[in-house]
Every structure is written in C-alpha cells, then in structure tokens.
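Participant: All residue numbers for the sequence shown refer to the numbering used here, where the first residue is 118 and numbers rise by one. No residue lacks a Cβ here, since even glycine has one placed at the ideal position from N, Cα and C. Next up is a structure, given as structure tokens.
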Amino acid sequence: MAKKYVVMAEEGEHKLLEQVQETFGLDLSDAELIYTGVGGINIIRSLQGLDREAEIYNIGYAGSANFEVGSWAEVTEVRLNHPNVTYKEPELKNLSPALPSREGVRRAICYTNCDFVLASEYKDCVFDMELAFIAALGFKHLHSLKYVSDNLSLHSYHDLTHGVE
118 MAKKYVVMAE EGEHKLLEQV QETFGLDLSD AELIYTGVGG INIIRSLQGL DREAEIYNIG
178 YAGSANFEVG SWAEVTEVRL NHPNVTYKEP ELKNLSPALP SREGVRRAIC YTNCDFVLAS
238 EYKDCVFDME LAFIAALGFK HLHSLKYVSD NLSLHSYHDL THGVE
C-alpha cells in the first residue's frame, strides 16, 4: 500500500488535523505530516520527491466570499485564480472525496492564488495558496479539506490563525 501524507502549509494548522479526526472520524494517525510552507514554490520543493501513488490529504485554512467562517469545505475541483486574464491551462480535477457525503460539509471548488484574496465575485467556493500546485504534481489520490478562516479579510485571517504575514 502506498504511503499516506497529511500536507499542511504551516505548523499552526495542526489543530485542524485534530479537528478533522474528531469531527469527521477520519483516522490519519498512520499518515506522515508534512509542513510545506505557504505558496507554490514551497509546495514544489516539499512534495516533488513523493511517490505519485501516495495518498495525500491537504488540510488547511481557506477564505471564502460567502461560506460561514468556521465551516468546512471538501474540495472537489481546483483551479488557479487569475481574474484579470484568461489563458488555457490544464484542468485539475483529480481530487477524491475524503469523507462520505454528510451534512455540514460543503463540496466546493478551490481557487488557488499566489497572494491573499481580498475580494472576488466568485461565490460558493474557497480560496487557498497551495492546492492547485499540489494537484499539478499529479498525485493520483488527493483529498482536500479546507476550514473557512475568513470572508476575504486578511485581518480576520490573522486574528484566527496567527498565520502568514
């Protein structure tokens, strides 16, 4: 059986792993934990050597224009967010459900950005800074659970997470 990894951007997100295990009964005790750092370059540097057959669980914070802060989203599809230009890019739909369908967990698209998103017309989705880069590496068993930390407010994000500056 392939190795299992929990991939998180920052050590401060560790409490989310505990919450996922308690709230959803998802046992990840046999998974190796990898803190990558924030953003695409850190993802590539941290994960490029992993077996593409490995089972990857990306758990982390995400913003949303309209999802309630404190809610969870299970990502079904990931795209880069580049609202000012349109160009052809590969579809990154290789995400697998981590949880059985259940009340209280939305299934949503995640838009990955290189900077913190402060405004967007996109609704019913989440925004992060890593997932599209993880997906682009071609892992065959990729799951992602995002905890909504803010409604596109850097101040609210900092208050909750004490995360990146």
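Can the beta-carbon of A284 be found closer than 9 Å to that of L259?
Facilitator: This structure gives no information on residue 284, because the portion of the chain shown stretches from 118 to 282.
Participant: Can you tell me the Cα-Cα spacing of L150 and N183, whole angstroms?
Facilitator: Working through the sequence shown from its first residue, we reach residue 150 at position 33. Working through the sequence shown from its first residue, we reach residue 183 at position 66. Each residue's alpha carbon lies about 30 Å from the other.
Participant: Out of T229, V137, S266 and A119, state which residue places its alpha-carbon closest to the alpha-carbon of G156.
Facilitator: Numbered from 1 along the sequence shown, position 39 holds the residue referred to as residue 156. It is T229.
Participant: Starting from the Cα of K121, find the closest Cα among L145, H199 and G187 and give me that residue.
Facilitator: The residue labelled residue 121 in the question sits at position 4 within the sequence shown. Answer by Cα proximity: L145.
Participant: Contact between the region 173-182 and the region 121-134: three or more CB pairs below 8 Å?
Facilitator: Yes, they touch.
Participant: Is it the case that the Cβ atoms of L269 and L235 are separated by a distance below 9 Å?
Facilitator: On the sequence shown, position 152 is the one that residue 269 refers to. On the sequence shown, position 118 is the one that residue 235 refers to. Yes.
Participant: Helix, strand or coil for K263? Go by DSSP, reduced to three states.
Facilitator: As a first step, residue 263 is located in the sequence shown; it is residue number 146 there, counting from the start. In this structure, K263 counts as strand in the three-state DSSP scheme.
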